[in-house]
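Numbering (our numbering), first residue to last: 13 to 180.
Next comes the structure, spelled out in structure tokens:
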């Protein structure tokens, strides 16, 4: 007489069999399409994931955060102001105002990076000289054109970041 078969214990977890993608075996062949030459074999399923393309460069932490820096903000602002200045009529000069919380406006003479997020603005507040330090997220910048006159000669606006500076 044969032995009766044991029933699995319902309280014990049973191992599951994986139904994931099949691993390439030495017998797996790559297929050629009519447009391929024998030297241009298409990779098998497993080969695609094991050998990522060389064009995928992982950025460094510094590169990932660079777009957030005050230097990037000031450089973009300077380039935009230069391009915008070229489009002004000949008798107009560019002007930049920093608008702060509460509507306070500073006529900008110089804007420079002082830390990763920090900006120093030198200019005029209600006609009086001032120097303002602020986080870049607390400042809105307004570029506009002023008509040049004998009483108000053109003065360049300076933008300074890292090892660069531009006057507009």
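Built from N, CA and C at the ideal position, the CB exists for glycine as well. Every value quoted in this text rests on a predicted model; they were computed, and no experiment measured them.
Limits of the unbroken beta strand (DSSP E) element including residue i
| i | result |
| --- | --- |
| residue 89 | Here residue 89 belongs to no beta strand (DSSP E); instead the alpha helix (DSSP H) covers 82 to 98. |
| residue 170 | 170 to 173 |
Minimum C-alpha distance to residue i - residue among the options
| i | options | result |
| --- | --- | --- |
| residue 173 | 74, 88 and 117 | 88 |
| residue 128 | 178, 177, 115 and 149 | 149 |
| residue 169 | 162, 146 and 178 | 178 |
| residue 156 | 83, 101, 80 and 70 | 101 |
| residue 171 | 71, 113, 92 and 103 | 92 |
| residue 126 | 143, 95, 154 and 73 | 143 |
| residue 107 | 162, 72, 154 and 176 | 154 |
| residue 115 | 98, 99 and 138 | 138 |
| residue 162 | 72, 86, 103 and 85 | 103 |
| residue 176 | 75, 86, 113 and 141 | 86 |
Sequence-distant residues of its chain with Cβ nearer than 6 Å to residue i (five each side left out)
| i | result |
| --- | --- |
| residue 135 | 118, 119, 120 and 121 |
| residue 152 | 111 |
| residue 69 | none |
| residue 132 | 124, 126 and 145 |
| residue 94 | 180 |
Simplified DSSP assignment, three categories, for residue i
| i | result |
| --- | --- |
| residue 148 | helix |
| residue 157 | strand |
| residue 73 | helix |
| residue 135 | strand |
| residue 110 | strand |
| residue 40 | With a pLDDT of 49 at residue 40, under the threshold of 50, the modelled position of this residue cannot be trusted, and the question is left open. |
Residues near residue i in its chain [Cβ-Cβ closer than 7 Å; skip 5 each side]
| i | result |
| --- | --- |
| residue 130 | 82, 145 and 147 |
| residue 90 | 171, 178 and 180 |
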